[in-house]
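Residue numbers (UniProt numbering): 1 to 388. Every residue, glycine too, gets a C-beta built ideally from N, C-alpha and C.
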C-alpha cells in the first residue's frame, strides 16, 4: 500500500512538473519575466486592422509576436545544449561540430569541406582568383599604393588534433596552397602573405585560437599582424613591430565564444581571454569622437564597420584595411602604424573607397573558407585610371 501511494505521488509530481515546464513560456509571456527581445525591442500583440488584408496579416503578426516574446528562451536553449553535449556528446547546433577536450569547430559555410580538401581548385576557378588579385595589384600600382593580401587560416588547419576521429583531410591539393603557389608563380609583385608557418610555430608555446569560437584569439591575431607588417617592412624600413618575446601577455577569464553561443552554452563555458601588451604604448583614437581604441576585450570592435583611426606616432601616412570577422582582432594592432587608417568589412576590394581615401597602403584580409564558398566577381568596370 505504501509503495503504491508513493508511486502515485511520484507520478502526480512528474505530471505536474511536465505541465509546469510546458506552461513556463506562456506564463512568462503574460508577466514578462524573461522575454527575448530581437534588436532590443519586442513585437507588439497582433492587431486586426480590418478587411481581408488585415486578416491575412494576423498569422505573420502572431509569428513575430511569439518569436520576440517567447518566455525563458535562453534558459531552454541552454538546457537543450547542455543535454545534447553532456548526455549525447553531440552539438545542439547543426553549425557546430563538437570536438575533443571541449574544442568546438564551425561546420557551416563549407569550412570543414575546405579543410578536408574535398573541392580543390580547377584551372578555371583558380584563374578567377589569380585574375582578381592581378586586377587589384594593377589598380594599386597605377596609384602608387602598396597592396598586401592575406588569408586567415580556418581553425581546423591550425588545431586539427581536437577534431573528432574521421575528419582527416584527403590527399588532394589544398585551395590555399594552390592559390599561394599560383600567385608566387604568376604574380611575383603581389604581396600575398602566408601566415600559416608563423601560426604553427607560435601554437607550440601559446594558445592562438579560441577553443569555443571560430576565430583566432588576440594572440593569434598578433602573429598574423606581424607577418603582414613584415611584408610592408620591405618598403617601410622604419616600422617598429615588436616580437612575441617583446610583449606581455595578460590573461583573464571570459564567457564562451560564438560557437558556444550557437550551442546555447556561452554563459556556462569558460574561455581564457588573452591580450598582448606592447612594450611602448601608442595612443590610437577614433576619428569620429576622439575616444581611445584599446586592445581590451573580445569583439570590442563589433559593429564598427567603417571605423577610422588616428595615431600621431604611426610610421605610415594612411591605409585602407579591408577585412572580415578575423580582421576585427587585427584592427587595434594595425592601427598603431598609420597616422590615419580606414577599416571596412568586405570580401571585395572597394575601389571607390580607395579612390576616395587615396591611401599609401591597402591591406586586405580574408578568411580561408571564402576560397571555397565565395566566388570573386568583377570589381572594376574597366581598367580604371587614377582620378585627378
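By the Cβ-count criterion, residue 10 is exposed, with fewer than 16 other Cβ atoms from all chains shown falling within 10 Å of its own Cβ. Here residue 11 carries a helix assignment [DSSP, helix/strand/coil]. Buried is the label assigned to residue 183, since at least 16 other Cβ atoms lie within 10 Å of its Cβ. Around residue 258, the same chain offers 213, 214 as residues with beta carbons nearer than 6 Å, after the five sequence neighbours per side are excluded. In terms of Cα proximity to residue 379, the closest of 319, 138, 242, 8 is 138. Taking all protein chains shown into account, residue 145 has 16 or more neighbouring C-beta atoms within 10 Å of its C-beta and is therefore buried.
In this structure, DSSP gives residue 129 a helical state, which the three-state scheme calls helix.
Between the C-alpha atoms of residue 364 and residue 149 there is a straight-line separation of about 5 Å. Residue range 191–194 is occupied by the beta strand (DSSP E) that includes residue 192, with no alpha helix (DSSP H) assigned at that position. In terms of CA proximity to residue 345, 327 leads the group 15, 327, 333. Straight-line measurement puts the Cα of residue 96 at about 7 Å from the Cα of residue 263.
Of the residues 277, 271, 276, 310, the one whose Cα lies closest to the Cα of residue 290 is 310. C-alpha of residue 358 to C-alpha of residue 62: approximately 51 Å in a straight line. Taking C-beta atoms under 8 Å as the contact rule, residue 376 and residue 129 qualify, at a distance of about 6 Å.
Taking every protein chain shown into account, the CB of residue 249 has fewer than 16 other CB atoms within 10 angstroms, so this residue is exposed. Along the length of the region 276–350, whole beta strand (DSSP E) runs at least 3 residues long occupy 308–310, 316–323, 338–345, reported in chain order. A Cβ-Cβ separation of about 5 Å places residue 46 in contact with residue 58 under the 8 Å criterion. Between residue 219 and residue 284 a beta carbon distance of about 19 Å is seen, past the 8 Å cut, so the two are scored as non-contacting. With contacts defined as CB atoms closer than 8 Å, residue 279 and residue 255 fail to qualify as a contacting pair. The C-beta distance from residue 371 to residue 179 rounds to 7 Å, short enough to meet the 8 Å contact threshold.
Looking only at 369, 355, 373, the smallest Cα-Cα distance to residue 142 is reached by 355. The straight-line gap separating the alpha-carbon atoms of residue 261 and residue 188 is approximately 42 Å. With at least 16 other beta carbons inside 10 angstroms of its own, residue 229 counts as buried.
Straight-line measurement puts the Cα of residue 319 at about 39 Å from the Cα of residue 99. Across the set 154, 133, 270, the C-alpha of 154 shows the shortest separation from the C-alpha of residue 110. Counting the other CB atoms within 10 Å of its CB gives residue 168 a total below 16, which places it among the exposed residues. By the criterion of a C-beta distance shorter than 6 Å, residue 287 is surrounded in its chain by 308, 310, once the five residues flanking it on both sides are discounted.
Using a Cβ distance threshold of 8 Å, residue 147 and residue 362 count as a contacting pair. Secondary-structure assignment with DSSP links residue 251 through a beta bridge to 274.
Secondary structure at residue 374: coil, using DSSP grouped into helix, strand and coil.
Per DSSP, residue 149 is one residue of the beta strand (DSSP E) stretching across 146–152. Apart from sequence neighbours up to five positions away, the residues of its chain that approach residue 313 with a beta-carbon distance below 7 Å are 282, ordered along the chain. A distance below 6 Å between beta-carbons, with the five flanking residues on each side excluded, links residue 117 to the following residues of its chain, in chain order: 169, 170, 172, 174.
Here the alpha carbons of residue 166 and residue 329 stand approximately 32 Å from one another. Secondary structure of residue 241 (DSSP, three-state): coil. Residue 93 and residue 101 have their C-alpha atoms roughly 18 Å apart.
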